[in-house]
Amino acid sequence: VSRRARILVVDDEDTTRLLISGILEQAGYRVVSAADGEAALLAIEAERPALITLDLWMPGVDGWEILDWLAQRAWRPPVLVVSGISARQRVERLGRADVDYLEKPFTIDELLRRCERLLAERSAPTSDDGR
Amino acid sequence: VTFGVLLIEDNLGDARMFEEILADSTVARFVVTRVDRLAEAANRLAEARFDVVVLDLNLPDSRGLDTLRRAHTLAPGLPILILTGTDDDAYGLAALRAGAQDYVVKGRYAPDRLAVTLRFAIERHRLLQAARAETLLDSLTGLYNRRGFLDVAERQLRHAERAGVPALLLFLDVDGFKAINDNLGHAHGDLALTEVADALRRTFRGTDVLARLAGDEFAVLSTGAGPAIAGPLVTRLAATLDQARERRRYPLTVSVGSAVCEPVERCSLEQLLERADRDMYENKRRRQDAAALEAAERRRE
Numbered sequence: 005v006s007r008r009a010r011i012l013v014v015d016d017e018d019t020t021r022l023l024i025s026g027i028l029e030q031a032g033y034r035v036v037s038a039a040d041g042e043a044a045l046l047a048i049e050a051e052r053p054a055l056i057t058l059d060l061w062m063p064g065v066d067g068w069e070i071l072d073w074l075a076q077r078a079w080r081p082p083v084l085v086v087s088g089i090s091a092r093q094r095v096e097r098l099g100r101a102d103v104d105y106l107e108k109p110f111t112i113d114e115l116l117r118r119c120e121r122l123l124a125e126r127s128a129p130t131s132d133d134g135r
Numbered sequence: 008v009t010f011g012v013l014l015i016e017d018n019l020g021d022a023r024m025f026e027e028i029l030a031d032s033t034v035a036r037f038v039v040t041r042v043d044r045l046a047e048a049a050n051r052l053a054e055a056r057f058d059v060v061v062l063d064l065n066l067p068d069s070r071g072l073d074t075l076r077r078a079h080t081l082a083p084g085l086p087i088l089i090l091t092g093t094d095d096d097a098y099g100l101a102a103l104r105a106g107a108q109d110y111v112v113k114g115r116y117a118p119d120r121l122a123v124t125l126r127f128a129i130e131r132h133r134l135l136q137a138a139r140a141e142t143l144l145d146s147l148t149g150l151y152n153r154r155g156f157l158d159v160a161e162r163q164l165r166h167a168e169r170a171g172v173p174a175l176l177l178f179l180d181v182d183g184f185k186a187i188n189d190n191l192g193h194a195h196g197d198l199a200l201t202e203v204a205d206a207l208r209r210t211f212r213g214t215d216v217l218a219r220l221a222g223d224e225f226a227v228l229s230t231g232a233g234p235a236i237a238g239p240l241v242t243r244l245a246a247t248l249d250q251a252r253e254r255r256r257y258p259l260t261v262s263v264g265s266a267v268c269e270p271v272e273r274c275s276l277e278q279l280l281e282r283a284d285r286d287m288y289e290n291k292r293r294r295q296d297a298a299a300l301e302a303a304e305r306r307r308e
């Protein structure tokens, strides 16, 4: 998996978005970020990220709606949900192979490992492979 | 173990007896330096390191408890043991209250007792110092805590005022500290705080007063430094923090505000802290606004 892959970081909290972006950038990924759900939908279309890290609780279009929206699309990047323990069961109940869950607090190693694995397992056919 | 003893005693006979009994001790080795005046004691204290001061209160250049007070100013960090000619409990107690560690009556030295008394005085003093330091220092970073800062910085500020030099106060706050705690855990948050403390130590002089005031808030008081130096210092601090980025694996930055006390003003520390705090928030907001603007522009492209 290329560390040059593009990752979209979605979180409405500036400091958390900067922190996760900073970790991924330093690990060699290209990072784009979105501070709310609407911006995230636009960025998915425009940037075609190889992976999304997703905050669930946001005002406006929230993380759950983004997951639903992605489910209906033929091309979709895998998603790493980064959230508190309370959302674990609900995410697991979705039963989607391309949606993983990382509980806060997490270690930097664990975050990077999960990202790598999702990028490696990316099974959904993509219109994006040749780029 | 060897202990350095500064014996301040003008009576040669008393001094010799004291030295001989200590020389026979099996408790520890004592190296005794004798002087017969306070003025001379000041010179010796400047030249060499001692572990304890043994003091006769009646000297050619000073008498009574005043001698003790003056010896204290000469050797503020050392335990002082009083040699007295009279076995008077009330006098001994007064000496203790004036800051002596203990007192011994001349001529009544049981051989190893004197050595033990000295040894214990040194140890008691050490424990006392440690307990005192604990209430003034932040246990996580080793910098001063708020109380220590208010105490030490206040004295530095008054000193600067007398010397007619400016003082610079910096107020610092770790950017996104809550996010570090929430996402990477409190242990990582603590690590971030110690990294900031280390960066401060490497950036500022040993004579500057460094403190963690609370949570993720730090302060520095640098005397003799004018406003011009604030900018370069902040840049150096940021660079030092960034050097450790590779190992840390995430960006760690601080927002800084400053306040200067010019030699002509009389400033209170509280006032300076408030001004620097306000300046820090303005700087932080300005940076956040700039980042938001940049992000918005990037989206428009």
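Chains A and B are the protein sequences, given in the same order. Note that the numbering used here has the first sequence beginning at 5, numbered continuously upward. Note that the numbering used here has the second sequence beginning at 8, numbered continuously upward. For glycine and all other residues, C-beta sits at the position ideal for the given N, C-alpha and C. Since we're looking at a predicted model, the values are computed, not measured.
*If we cut at 8 angstroms on Cβ distances, does G134/A have a partner in chain B?*
Because the pLDDT of G134/A is 39, which lies under 50, any placement of that residue in the model is unreliable, and the question is left without a value.
*In whole angstroms, what is the alpha-carbon distance linking A78/A and P258/B?*
Each residue's alpha carbon lies about 36 angstroms from the other.
*Can you give the Cα-Cα distance for R162/B and V216/B, rounded to whole angstroms?*
Answer to the nearest angstrom: the Cα atoms are 10 angstroms apart.
_My assumption, with CB atoms under 8 angstroms, is that G99/B sits in contact with Y110/B. Please give the rounded CB distance._
The pair is a contact, with the Cβ atoms about 4 angstroms apart (cut-off 8 angstroms).
*Is DSSP giving D133/A helix, strand or coil here?*
In this predicted model, D133/A has a pLDDT of only 44, less than 50, meaning its place in the structure is not dependable; the value taken from the coordinates is given anyway. When DSSP states are grouped into helix, strand and coil, D133/A belongs to the coil group.
*Could you tell me which residues DSSP pairs with E224/B in its beta bridges?*
Beta bridge pairing from DSSP links E224/B with D180/B, A221/B.
*Do the CB positions of L106/A and L84/A come within less than 8 angstroms of each other?*
L84/A sits close to L106/A, with the two beta carbons spaced by under 8 angstroms.
*Roughly how far, in whole angstroms, is the beta-carbon of A102/B from the beta-carbon of L125/B, given that I think they are within contact range, below 8 angstroms?*
16 angstroms between Cβ atoms; not a contact.
_Collapsed DSSP secondary structure at Y288/B in the structure displayed_ = Shown here, Y288/B sits in a helix according to DSSP, grouped into three states.
*With a floor of 4 residues, list each alpha helix (DSSP H) that falls wholly inside the region 102-189 of chain B, ordered by position along the chain.*
Taking only runs of at least 4 residues, the alpha helix (DSSP H) segments lying wholly in the region 102-189 of chain B are 118-143, 153-170.
*asked:* Using only the alpha-carbon positions, how far apart do A299/B and D59/A sit?
replied: So the alpha carbons of these two residues sit roughly 19 angstroms apart.
*asked:* At the level of alpha carbons, what is the spacing between D58/B and S229/B?
replied: Rounded to whole angstroms, the separation of the alpha carbons of S229/B and D58/B is 31 angstroms.
*The alpha helix (DSSP H) with A124/A in it runs from where to where?*
Looking at the DSSP string, the run of the alpha helix (DSSP H) that includes A124/A is 112-125.
*How many Å lie between R52/A and P81/A at the Cα?*
Rounded to the nearest angstrom, the two C-alpha atoms are 8 angstroms apart.
_Within 8 angstroms of any Cβ in chain A, is that where the Cβ of K291/B sits?_
Residue-level contact check: K291/B does not touch chain A, since none of the beta carbons of chain A fall below 8 angstroms from its beta carbon.
*G26/A: contacting residues in chain B (beta-carbon distance under 8 angstroms)*: Those are Y257, P258, listed as they occur along chain B.
*Alpha carbon to alpha carbon, how far is A46/B from H166/B? Give it in angstroms, no decimals.*
If you take the alpha carbons of H166/B and A46/B, they lie about 25 angstroms apart.
*For the region 106-122 of chain A, enumerate the residues whose C-beta is nearer than 8 angstroms to any C-beta of chain D, in chain order.*
Checking the listed chains, one finds no chain D in this structure; the protein chains it contains are A and B.
*By a C-beta neighbour count over all protein chains shown, 10 Å radius and 16 as the cutoff for buried, is R36/B buried or exposed?*
Under this definition R36/B is an exposed residue.
_Could you compute how far the alpha carbon of D17/B sits from the alpha carbon of D43/B?_
When the Cα atoms are used, D17/B and D43/B turn out to be separated by approximately 4 angstroms.
*Span of the beta strand (DSSP E) holding D215/B?*
D215/B -> no beta strand (DSSP E), and no H or E assigned at all.
_Short Cβ contact (8 angstroms threshold) for T9/B with D119/B_ = D119/B sits away from T9/B, with the two beta carbons spaced by 8 angstroms or more.
*Return the chain-ordered ranges of every beta strand (DSSP E) run that is complete within the region 82-115 of chain A and spans a minimum of 3 residues.*
Within the region 82-115 of chain A, the complete beta strand (DSSP E) runs of at least 3 residues are 83-87, 103-107.
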